[in-house]
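Worksheet: the structure to be examined is printed underneath.
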Amino acid sequence: SQKIEQNSEALNIQEGKTATLTCNYTNYSPAYLQWYRQDPGRGPVFLLLIRENEKEKRKERLKVTFDTTLKQSLFHITASQPADSATYLCALPTGFQKLVFGTGTRLLVSP
Amino acid sequence: GAVVSQHPSWVICKSGTSVKIECRSLDFQATTMFWYRQFPKQSLMLMATSNEGSKATYEQGVEKDKFLINHASLTLSTLTVTSAHPEDSSFYICSAGLAKGEQYFGPGTRLTVT
């Protein structure tokens, strides 16, 4: 069955460092992959979408890579700030506009 | 752009009563909206796909008679939790999908059934 895995343990890093989050999937061949940010008690916020023919995508301090051979996406936040602390979710399409989400990784950036 | 609102943001109701949650796309039209529920420290679980002008499509295991969905216009979808019980207490979130693939989420509704 289709499965998405994100590290369930919180990632603690110091301000200014680069945070790297991982999303692995099995039994999928997605045309694209998305990353969302979710703050406690709030709905997710769309960050980036990367297509299968794109190796890398950047948006300001965010960078996403997509390796369809490894079935893995890496999400990087450079020069991290305490305001980046949140849970980050990866999501894959499963039908017309439908998405399935990973469990998310909580990022804690300490000053 | 692509703002989605939800109302109410939180609601407390007594067991056996029904609760309606509204989801609106404020600055765009959404022919398709999605309803999710999320338990603490868990990921979002898709409940149903709401289609404007037609019946909703429910995911496996979701009771359609308990979670009534109406998508009456291109900017409004509603979820009614009927005969709510404490186990229905959860965080309910709606989203609207765009043609490019990304979804824009509402802020969520915290439902507590006592």
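Heads up: the sequence lines are chains S and X, in that order.
Going by our numbering, the first sequence opens with residue 1, and the numbers climb by one from there.
Going by our numbering, the second sequence opens with residue 1, and the numbers climb by one from there.
In this text, a Cβ means the ideal position worked out from N, Cα and C, and glycines have one as well.
Contact list for residue 12 of chain X against chain S, beta-carbon separation under 8 angstroms: Under the 8 angstroms cutoff, chain S gives no residues; its nearest Cβ is about 15 angstroms from residue 12 of chain X.
Please list the residues of the region 21-48 of chain X that have a C-beta atom closer than 8 angstroms to any C-beta atom in chain S, keeping them in chain order. 32, 34, 42, 43, 44 and 46
Return the chain-ordered list of same chain residues with a C-beta closer than 7 angstroms to the C-beta of residue 62 of chain X, the five sequence neighbours on each side being excluded. 47 and 48
Do residue 90 of chain S and residue 48 of chain S count as a contact pair if the criterion is CB distance below 8 angstroms? no
So who's on the other strand from residue 32 of chain S, going by DSSP bridges? S:51
Taking 6 angstroms as the limit between beta carbons, can you name the residues of its chain near residue 56 of chain X, skipping five residues before and five after? 48, 50 and 69
What residues from the region 46-69 of chain S come within 7 angstroms of chain X, judged by C-beta to C-beta, listed N to C? 46 and 49
Would you mind working out which of S:74, S:13, S:53 and S:100 sits nearest residue 31 of chain S, comparing C-alpha positions? S:53
Consult DSSP for residue 8 of chain X and reduce its assignment to one of helix, strand or coil. coil
Candidates S:96, S:41, S:58 and S:101, of which the one nearest residue 100 of chain X by Cα: S:96
Of all Cβ atoms in chain X, is any one closer than 8 angstroms to the Cβ of residue 34 of chain S? yes
Cut-off 7 angstroms between Cβ atoms - residues of its own chain near residue 61 of chain S, not counting five sequence neighbours on either side: 77, 78 and 79
Could you tell me whether the Cβ of residue 101 of chain X comes closer than 8 angstroms to any Cβ of chain S? yes
Using DSSP with H/G/I as helix, E/B as strand and the rest coil, what is residue 22 of chain X? strand
Buried or exposed for residue 42 of chain X, going by 16 or more other Cβ atoms inside 10 Å? exposed
What residues are listed by DSSP as bridge partners for residue 57 of chain S? S:64
Within 8 angstroms of any Cβ in chain S, is that where the Cβ of residue 58 of chain X sits? no
Option nearest residue 110 of chain S by Cα separation, candidates S:98, S:86 and S:94: S:86
Interface flag, residue 30 of chain S vs chain X, CB-CB below 8 angstroms: no
Rounded to the nearest angstrom, how far is the Cβ of residue 105 of chain X from that of residue 44 of chain S, given a contact under 8 angstroms? 5 angstroms
Are the C-beta of residue 21 of chain S and some C-beta of chain X separated by less than 8 angstroms? no
How would you list, in chain order, the residues of chain S whose beta-carbon sits under 7 angstroms from the beta-carbon of residue 97 of chain X? 97
Answer with yes or no whether the minimum CB distance from residue 101 of chain S to chain X is below 8 angstroms. yes
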